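Residue numbers (our numbering), protein chains in the order written: chain A, 1470 to 1704; chain B, 640 to 1081.
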Amino acid sequence: MAAVKKTLSIDCVGKPTREINAFIRQAADDGVPVVELLNPQARHNLGVCVLKPIHIVIRGHVGYYAAGLSDHITVEIHGSAGWGVGDNLMHGEVVVHGNAATSAAPSIRGGTVVVKGDAGPRSGISLKSGLLVVGGNSGYMTGFMMQKGRIVVCGNTAKALGDSMYQGSIFIGGSIEELGSGCEIVVPEADELDDILKTLDHYQIKAPKAFRKIRSDKSLWNFNKHDFAAWKDVL
Amino acid sequence: MKPPLRPPTYSGVWHPNAIDEIQEKAELGRYQIRGQATKRHDLPSLDDLVFTPAGLSRMALEGYREKCDTRVTIGEGRVKRPLVLERPIMIAGMSFGALSINAKRALAIAATRCGISTCTGEGGMHPEERQYSDKLVVQYLPSRYGTTPYDLKKADMIEIGAGQGAKPGTGGVLLGLKMSDEVAAMRDLPPGVDQRSGCRHPDWMGVDDLYMKLEELREVTNYEVPISIKVGAARIANDVKLAAKADVDAIVFDGMEGGTAASPTIQLDHAGIPTVAAIAEAAEALYEMGKKEEIKLIVGGGIKNGADAAKCIALGADIVYMGTAPMIALNCHKPIYQEDYERLGTTPYECQHCHTGLCPVGITTQLPKLIARLDVEEAAQRVENFLNAMTMELQLFARSCGKNKVSDLDPNDMRALTRDVSLMTGVPMVGLNGRTPMWAKY
Ligand SMILES: Cc1cc2nc3c(=O)[nH]c(=O)nc-3n(C[C@H](O)[C@H](O)[C@H](O)COP(=O)(O)O)c2cc1C
Ligand code: SF4
């Protein structure tokens, strides 16, 4: 059997996205452990639909949907990410060393998305499982309509935090500008905190002094006419 | 002496329906929700058009001998595996959750026998649907319930949902009784919850984003299958142009008559535009973009028979898209199990209680006892028969207008019965044939 190369590099300049992604998928098929993308130049849809285990190192900024609809991959983005980084991730890990734009980790079904800097609005929107960690601040409507899983934001969050979340939990280290509809602030359990601190340590993110936990208060689970104040904004 | 019987003098403003509606809201404390479609009687409709088949000025085709082609292909010349439909008909996206598994099975079996497609709808792909449906459209919706790259890869077409005729601008509703353990697990929701799903996609907003989203989905399908986008007919010309700019393979829309499993009644009755009004507008927008041939136009909302389908095609649609009619073929509104309709406070023909999850005939329910009332094989046979009859009707109009392809029907094959529909569609008024009446010259 021919020896499998440990790391393959591809320079994105002048190559169509389709070719770059096909290159990554082929490498994964061939059992190459690491692929390195050079000069991504904020291109969209890099690392989309890679379904076999591989480690992808992206040396620069990426555009929309980096590592979207993928499974079993681990990705390092040495730059910032555009909208929807890690979209619909099934299993695996995406680490953004810079900031992430709107809708980081939208609707992920598993795995971990880490944004070491700040994340834009609607981070963790419709989260269905898995973990989103934001080292800095996170924008408007973080965790909107979240269904399951966990979001950890070490910094501050903007308005409508956790709005209409069904289940799952959000942990906030900084300030909360405004809580969204249908959720409540509670004190985290010791084992949850333990787990979060271990995760932050693993990703070398400085932990804040304390966390507050946000979860659904279930008031929006079923319509209740006696609670119109809660429903008028969400129906 | 008894006063003579006279009809009641109901107010036009405070009609009994308006009074009932207010009193129901006074009881519920929320807007009314119902299934199926608007109950308005005053909408311009496809019935306001008639065909003007061949006579001496044009020759008809023989119904028994001469071929009349019904096949249509989506994505031809654009993707590796275009979607070939043997008839210009698609079963609309209706979720497992809104529909029972038996209804899903029966529709998939019938569609496969007829060489047409079914569509997953909102709740994710039920494995049996893929098994039974030879041509399966997978919806990609704001809620992303059950979305996985693996299921998207199994699609014969992906339909990005951005709205539907019954409730343009709002998200889905599935009330708690229908949120069974299985439905909830597929959607990652707690069982019994009243589901409200998003009206906007979580990770794109405008058409420039959509362009990127399309590229992402094409990467998933390896650029092999077509991708369509579905909207509710409202700002249709602009929506069509934007979708064409994003370079989808097909545009799906349904008019305000479009069906639903649950929508606010007020939304059903007062939002969106009627199907007949939307088609010409949409087709014209595609012509303007120079993409009418390339991008297929799929039209739904109140399509009942082959005449409706033929008229849609003559106005510029390539394919019709139906939800309610095949449900009726399954048995919806059938006057059986009358006591259960009564228990719901309704009767067959006016039912529209799909939102309750207590469908008397086993179509829009998740209760095993009710689901068992829908025999899959018999129901599939009824839907197949209906689709066959409808196809024959479609061909009947095409042949009688002298066309050997259903897709060759055009606006000149019709006349409008009302001035309104003539104005909307550009189809000449009956009796005028596009001329000024002779007497008007004197
Ligand atoms: C029971 C039922 C469930 C539906 N579920 C969905 C859905 O999940 N996603 C969607 O885009 N449209 C859904 N629709 C709308 C249909 O896809 C389609 O647009 C509509 O039924 C067309 O109008 P018609 O019912 O008059 O044929 C549903 C409709 C019905 C009747
Ligand atoms: S019979 Fe069933 S499917 Fe038909 S309108 Fe009534 S509840 Fe809906």
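All residues carry an ideal CB built from backbone N, CA and C; glycine is no exception. As the structure is a computational prediction, the values presented were derived from the model and not from experiment.
Fill in: Interface residues of the segment 1559–1573 of chain A facing chain B [CB-CB below 8 Å]
From the segment 1559–1573 of chain A, only Met1559, Thr1571, Ser1572 have a Cβ closer than 8 Å to chain B.
Discussion item. Within 8 Å of any Cβ in chain B, is that where the Cβ of Pro1575(A) sits?
Written reply: To locate residue 1575(A), count along the first sequence from 1; it is residue 106. Yes, contact with chain B.
Discussion item. Just to make sure I have the definition right: I need the residues of chain A whose C-beta is within less than 9 Å of the C-beta of Leu849(B). Which are they?
Written reply: Counted from its first residue, the second sequence places residue 849(B) at position 210. For Leu849(B), no chain A residue has a C-beta closer than 9 Å to its own C-beta; the minimum C-beta separation is roughly 11 Å.
Discussion item. On the CB-based measure, 16 or more other CB atoms within 10 Å of its CB, does Met729(B) come out buried or exposed?
Written reply: Taking the first residue of the second sequence as 1, we reach residue 729(B) at position 90. Met729(B) is buried by the Cβ-count criterion.
Fill in: Residues passing the C-beta test against ligand 2 heavy atoms, cut-off 6 Å
Neighbourhood of ligand 2, defined by CB distance below 6 Å to any of its heavy atoms: Gly674(B), Gln675(B), Met966(B), Cys971(B), His972(B), Cys990(B), Gln991(B), His992(B), Cys993(B), Cys998(B), Pro999(B), Val1000(B), Ile1002(B), Thr1003(B), in chain order.
Worksheet item: So is Ala1037(B) buried or exposed if we call it buried at 16+ other beta carbons inside 10 Å?
Response: Walking along the second sequence from the start, residue 1037(B) turns up at place 398. Using a 10 angstroms sphere on the CB of Ala1037(B), the tally of other CB atoms reaches 16 or more, which defines it as buried.
Item to complete: Report the option in Phe1640(A), Phe1692(A), Tyr1672(A) whose CA atom is closest to the CA atom of Ala1679(A).
Response: Position 210 of the first sequence, counted from the first residue, corresponds to residue 1679(A). For Ala1679(A), the nearest C-alpha among the options comes from Phe1640(A).
Worksheet entry | Environment of Arg1074(B) [buried if 16+ CB atoms lie within 10 Å] | To locate residue 1074(B), count along the second sequence from 1; it is residue 435. Label assigned to Arg1074(B): exposed.
Worksheet item: In terms of DSSP beta bridges, what is Thr899(B) paired with?
Response: Taking the first residue of the second sequence as 1, we reach residue 899(B) at position 260. Answer is Gln675(B), bridged to Thr899(B).
Fill in: Simplified DSSP state of Asp1499(A), which is helix, strand or coil
Reading the first sequence from its first residue, position 30 is the one you call residue 1499(A). Per DSSP, reduced to three states, the secondary structure at Asp1499(A) is coil, with no helix or strand assignment.
Discussion item. Measuring straight from C-alpha to C-alpha, what distance separates Tyr779(B) and Ser867(B)?
Written reply: As a position in the second sequence, residue 779(B) is number 140, starting the count at 1. As a position in the second sequence, residue 867(B) is number 228, starting the count at 1. One C-alpha to the other measures close to 10 Å.
Discussion item. Could you check whether the Cβ of Tyr771(B) sits closer than 7 Å to any heavy atom belonging to ligand 1?
Written reply: Sequence index remark: in the second sequence, residue 771(B) carries index 132 (1-based). No, Cβ of Tyr771(B) sits at least 7 Å from all heavy atoms of ligand 1.
Worksheet item: Just the Cα atoms here: how many angstroms apart are Met818(B) and Leu954(B)?
Response: Your numbering for residue 818(B) matches position 179 in the second sequence. Your numbering for residue 954(B) matches position 315 in the second sequence. Going by the C-alpha atoms only, they are around 40 Å apart.
Discussion item. Taking the alpha helix (DSSP H) that Met966(B) belongs to, which residues open and close that run?
Written reply: Counted from its first residue, the second sequence places residue 966(B) at position 327. From DSSP, the alpha helix (DSSP H) with Met966(B) extends over 963–969.
Worksheet item: Do Leu1601(A) and Ala1570(A) have their C-beta atoms within less than 8 Å of each other?
Response: By one-based count along the first sequence, residue 1601(A) stands at place 132. By one-based count along the first sequence, residue 1570(A) stands at place 101. Taking 8 Å as the Cβ cut-off, Leu1601(A) and Ala1570(A) do not qualify as a contacting pair.
Worksheet item: Looking only at DSSP bridge pairs, what is Ala1569(A) linked to?
Response: In the first sequence, counting from the first residue as 1, residue 1569(A) sits at position 100. In DSSP, Ala1569(A) forms a bridge with Ala1550(A), Ala1588(A).
Worksheet item: For the segment 832–909 of chain B, which segments carrying the alpha helix (DSSP H) assignment without a break, of at least 4 residues, lie completely within its bounds, in sequence order?
Response: Those alpha helix (DSSP H) runs which fall completely within the segment 832–909 of chain B and span 4+ residues are 846–859, 875–885, 904–909.
Discussion item. Please report the straight-line C-alpha distance between Ile1674(A) and Lys774(B), rounded to a whole angstrom.
Written reply: By one-based count along the first sequence, residue 1674(A) stands at place 205. By one-based count along the second sequence, residue 774(B) stands at place 135. Approximately 48 Å between the Cα atoms of the pair.
Discussion item. Between which residues of its own chain and Lys792(B) is the CB-CB distance below 7 Å, once the five residues before and five after are set aside?
Written reply: For the purposes of this step, residue 792(B) is identified with residue 153 of the second sequence, where counting begins at 1. Val859, Thr860.
Worksheet item: Are the C-beta of Arg769(B) and some C-beta of chain A separated by less than 8 Å?
Response: Locating residue 769(B) in the second sequence gives position 130, where the first residue counts as 1. No, no contact with chain A.
Worksheet entry | Length at least 4, wholly inside the segment 926–1003 of chain B: the alpha helix (DSSP H) runs in chain order | Fully contained in the segment 926–1003 of chain B are the following alpha helix (DSSP H) runs of length 4 or more, in chain order: 945–954, 963–969, 977–982.
Worksheet entry | Three-way DSSP call (helix, strand, coil) for Glu1647(A) in this model | Indexing the first sequence from 1 puts residue 1647(A) at position 178. If DSSP states are grouped into helix, strand and coil, Glu1647(A) belongs with coil.
Practice prompt. Please compile the residues from chain B whose C-beta is within a distance smaller than 7 Å of the C-beta of Gln1616(A).
Written response: Mapped onto the first sequence, residue 1616(A) falls at position 147. Asp827, Leu828, listed in chain order.
Worksheet item: Is there at least one Cβ from chain A nearer than 8 Å to Pro788(B)'s Cβ?
Response: As a first step, residue 788(B) must be located in the second sequence, where it is residue number 149. Closer than 8 Å: yes.
Practice prompt. Just list the alpha helix (DSSP H) runs in the segment 669–717 of chain B, keeping only unbroken ones of 4 residues or longer that don't cross its boundaries, in chain order.
Written response: Complete alpha helix (DSSP H) runs here, min 4: none at all.
Worksheet item: How many Å lie between Ala873(B) and Ile1525(A) at the Cα?
Response: Here residue 873(B) refers to the residue found at position 234 when the second sequence is read from its first residue. Here residue 1525(A) refers to the residue found at position 56 when the first sequence is read from its first residue. Going by the C-alpha atoms only, they are around 44 Å apart.
Item to complete: Determine which residues of the segment 1601–1612 of chain A have a Cβ less than 7 Å from any Cβ of chain B, and write them out in chain order.
Response: Listed in sequence order: no entries.
Worksheet entry | Ile975(B) burial status per 10 Å Cβ neighbour count (16 or more: buried) | Walking along the second sequence from the start, residue 975(B) turns up at place 336. The residue in question, Ile975(B), is exposed, as its Cβ has fewer than 16 Cβ neighbours within 10 Å.
Discussion item. Could you tell me the alpha carbon to alpha carbon distance between Lys1597(A) and Met733(B), rounded to whole angstroms?
Written reply: As a first step, residue 1597(A) is located in the first sequence; it is residue number 128 there, counting from the start. As a first step, residue 733(B) is located in the second sequence; it is residue number 94 there, counting from the start. Approximately 22 Å, taken between the alpha carbons.
Worksheet item: So who's on the other strand from Thr1476(A), going by DSSP bridges?
Response: The residue given as residue 1476(A) occupies position 7 in the first sequence. Thr1476(A) pairs with Val1503(A).
Item to complete: Would you grab the beta carbon distance between Glu863(B) and Val718(B) for me? Rounded to a whole angstrom, and I think it's under 8 Å.
Response: On the second sequence, residue 863(B) is found 224 positions in, with the first residue counted as 1. On the second sequence, residue 718(B) is found 79 positions in, with the first residue counted as 1. At roughly 6 Å, the Cβ-Cβ gap stays under 8 Å, so Glu863(B) and Val718(B) are in contact.
Discussion item. Using the Cβ count rule (16 or more neighbours within 10 Å means buried), how would you classify Lys950(B)?
Written reply: Looking up residue 950(B) in the second sequence gives position 311. Label assigned to Lys950(B): buried.
Worksheet entry | Per-residue burial, Met1029(B) [other beta carbons within 10 Å of its own, 16 or more giving buried] | Stepping through the second sequence from its first residue, residue 1029(B) is reached at position 390. Result: buried.
Worksheet item: Alpha carbon to alpha carbon, what distance is there between Lys852(B) and Gly830(B)?
Response: The residue labelled residue 830(B) in the question sits at position 191 within the second sequence. The residue labelled residue 852(B) in the question sits at position 213 within the second sequence. According to the sequence shown, residue 830(B) is Pro rather than Gly. Rounded to whole angstroms, Pro830(B) to Lys852(B) spans 31 Å at the Cα level.
Practice prompt. Give every residue of the same chain whose Cβ lies closer than 8 Å to the Cβ of Leu983(B), excluding the five residues on either side of it in the sequence, and list them in chain order.
Written response: The residue you call residue 983(B) lines up with position 344 of the second sequence. Taking Leu983(B) as the centre and dropping the five residues before and after it, the same chain places the C-beta of Cys990, His992, Thr995, Leu997, Pro999 closer than 8 Å to its C-beta, in chain order.
Practice prompt. State the CB to CB distance for the pair Gly1593(A) and Thr1611(A), rounded to an integer number of angstroms; the pair is presumed to be in contact (CB under 8 Å).
Written response: Residue mapping note: residue 1593(A) aligns to position 124 of the first sequence, counting from 1. Residue mapping note: residue 1611(A) aligns to position 142 of the first sequence, counting from 1. Their Cβ separation, rounded to whole angstroms, is 6 Å, which keeps Gly1593(A) and Thr1611(A) in contact under 8 Å.
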